[in-house]
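Engineer: In the numbering used here, each residue carries its 1-based index in the sequence shown increased by 1290.
One structure, pasted below without further comment.
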Amino acid sequence: MRVLLAPDGFGSSLTAAQVAATVRDAWASVAPDDEIVLRPLSDGGPGFLDALRSLPGALVVPVSVPSPIGRPVPAEVLVVDGAVRTAYVETAQAIGLPLVPADRRDPGRTTTVGVGSLLEAALRTGATRVVVGLGGSSTNDAGAGMLAGLGLEPAEVLAGGGGGLGVLGAGDLAGLPGLRERLRDVEILVATDVDVPLLGLTGASAGFAAQKGATPEQAQELERQLDAFARAAVAALGDAVRPDLLGGRATVTRLTQAPGAGAAGGLGFGLSLLGARLVPGAALVADLVGLDEALAGVDLVVTGEGRFDWQSLHGKVASQVATRALAAAVPTVVLAGEVSVGRRELLAAGITAAYAVGDTPEEVRAALADPVGSLRARAIRVARTWSR
């Protein structure tokens, strides 16, 4: 058989490259005659730059940026020269959940200021195109901190976290049109890890704030704060917002409900205020690393991620791989730390089967304690099931 391994990373336990290598070695121990092709992927979240380091001519520029709680952390800008100089940044390096100790996780206070610093570093490389990977964040401030990091006032309020944004009115954000104008000649492309809106039941606050440390009551309050901030920001932009394809000025609803606006705690929305274009991160990475070409002639594709749940069906790597594999008439198998998606949803997404590394709480704890060993054991069982 010819098997394509195209996984995402398993949270903070294993990178996509480590997952692919572990499954490759496990598969080879069972079926040494099978040909294994590796294409580690990312959806724009953690591992975004790792998936792109092999791009021709890629140059890594190290930088230091503020973390979500104000501590300096190392980050990188990946610069690629082509028809235009493109800078790739991974926002998880500045606002990722692992950067915040468990006892300090509070999405009402964590900030995206570090993303503003990352963007400034990307601009200093002379890039006229900046691709921003979103996902895995500890923040829920709709990109307000990022705007402060780029120089927008009032910085103290904008950088204070999502819990205090409701006090701002359009007049307070009068500098927003000027900031947008400063970036007019830079194409900003946002690779979002999920296709959810800023507001609503599947939005940034209701859908994701809990995993960042918010209580149900706080998630509701964050929803109100982000709604107020969005209205103030769009009103402040006024005629500076470019006409949309329907010929009218972009409205609050169109910006907040845009697929990906809720990614990374609403950072997708904040970047759209600057004229950025939101695209599915998994699709962008798949195109850049040649996933479609790799699918040609394979008999099976194995993808996966740390937790395969409802979010996985909203723009994550597994769903993107399955869609492309289905078009190529190749069955897709998901290998994940945990699986909480039913058979009907799997089939609707074009996925033939999904296997969990841990089926019980005890197995999940064991997998976290020994991620490589647990993944290898499950991959061996999958190989025995699927290899000829």
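Yeah, the Cβ is synthetic: ideal placement off N, Cα and C, and Gly gets one too.
As the structure is a computational prediction, the values presented were derived from the model and not from experiment.
Measuring alpha carbon to alpha carbon, tell me which of Pro1444, Ala1411, Leu1557 ends up nearest Arg1429.
Structural biologist: Note that residue 1429 corresponds to Thr in the displayed sequence, not to Arg. Among Pro1444, Ala1411, Leu1557, the Cα nearest to that of Thr1429 belongs to Leu1557.
Engineer: To the nearest angstrom, how far is it from the Cα of Ala1643 to the Cα of Ser1664?
Structural biologist: Roughly 19 Å separates the two Cα atoms.
Engineer: Considering only their Cβ atoms, is the gap separating Val1647 from Arg1634 smaller than 9 Å?
Structural biologist: no
Engineer: Can you give me the C-alpha to C-alpha distance between Gly1441 and Leu1469, rounded to a whole angstrom?
Structural biologist: 8 Å
Engineer: Please state the DSSP three-state secondary structure of Val1480.
Structural biologist: strand
Engineer: Going along the chain, which residues of its own chain have a beta-carbon closer than 6 Å to the beta-carbon of Ala1504, five neighbours each way excluded?
Structural biologist: Pro1397
Engineer: Can you list, in chain order, the residues of its chain whose CB lies under 8 Å from that of Tyr1645, leaving out five sequence neighbours each side?
Structural biologist: Val1623, Val1624, Leu1625, Ala1626, Val1629, Arg1668, Arg1671, Val1672
Engineer: Should Arg1329 go down as buried or exposed, given a rule of 16 or more other Cβ atoms within 10 Å for buried?
Structural biologist: Note on Arg1329: 16 or more other CB atoms within 10 angstroms of its CB, so buried under the neighbour-count rule.
Engineer: I'd like the list of long-range same chain contacts for Gly1550, defined as Cβ closer than 8 Å, with 5 residues on each side in sequence excluded.
Structural biologist: If you ignore the 5 residues before and after Gly1550, its C-beta comes within less than 8 Å of the C-beta of Leu1424, Val1480, Thr1482, Val1484, Asp1485, Val1486, Gly1558, Leu1568, Val1569, Pro1570, Gly1605, all in its own chain and listed in chain order.
Engineer: Is the CB-CB distance between Val1370 and Ala1348 below 9 Å?
Structural biologist: yes
Engineer: To the nearest angstrom, report how far apart Gly1538 and Gly1528 are at their CA atoms.
Structural biologist: Interpretation of Gly1538 is limited by its pLDDT of 47, a score under 50 that renders its predicted location unreliable; no figure is taken from the coordinates.
Engineer: Skipping 5 residues on each side, what residues in its chain have a beta carbon closer than 6 Å to that of Gly1552?
Structural biologist: Cβ neighbours of Gly1552 beyond the five flanking positions: Val1486, Pro1487, Leu1488, Gly1493, Ala1494.
Engineer: Determine the extent of the beta strand (DSSP E) in which Gly1406 is found, giving its start and end residues.
Structural biologist: Taken as a continuous stretch (DSSP letters only), Gly1406 belongs to no beta strand (DSSP E), being part of the alpha helix (DSSP H) at 1403 to 1414.
Engineer: Is the distance from the Cβ of Ala1384 to the Cβ of Ser1357 below 9 Å?
Structural biologist: yes
Engineer: With Thr1505 as the anchor, note down where its beta strand (DSSP E) starts and where it stops.
Structural biologist: Neither: Thr1505 is in no beta strand (DSSP E) and is coded neither H nor E.
Engineer: Alpha carbon to alpha carbon, how far is Asp1517 from Ala1452? Give it in angstroms, no decimals.
Structural biologist: According to the sequence provided, residue 1452 is Gly. The question's Ala does not apply to it. Gly1452 and Asp1517: Cα-Cα distance of roughly 10 Å.
Engineer: Given a cut-off of 9 Å on the beta-carbon distance, is the pair Gly1334 and Ala1307 in contact?
Structural biologist: no
Engineer: Could you give the DSSP three-state label for Leu1543: helix, strand or coil?
Structural biologist: The amino acid at residue 1543 is misidentified as Leu; the sequence shows Thr. If DSSP states are grouped into helix, strand and coil, Thr1543 belongs with the helices.
Engineer: Enumerate in chain order the residues of its own chain whose CB-to-CB distance from Ala1445 is below 7 Å, with the five nearest sequence positions on each side excluded.
Structural biologist: Ala1438
Engineer: Work out the CA separation of Leu1331 and Thr1305 for me, nearest whole Å.
Structural biologist: 10 Å
Engineer: Of all the options Asp1649, Gly1301, Leu1294, Ser1302, which has the alpha carbon lying nearest to the alpha carbon of Ala1250?
Structural biologist: Nothing about residue 1250 can be read from this structure; the chain reaches only from 1291 to 1678.
Engineer: What distance in whole Å lies between the Cβ atoms of Leu1345 and Leu1578, which are believed to be in contact at a cut-off of 8 Å?
Structural biologist: 7 Å
Engineer: In chain order, what residues of the same chain lie with their CB nearer than 7 Å to the CB of Arg1521, ignoring the 5 residues before and after it?
Structural biologist: Val1542
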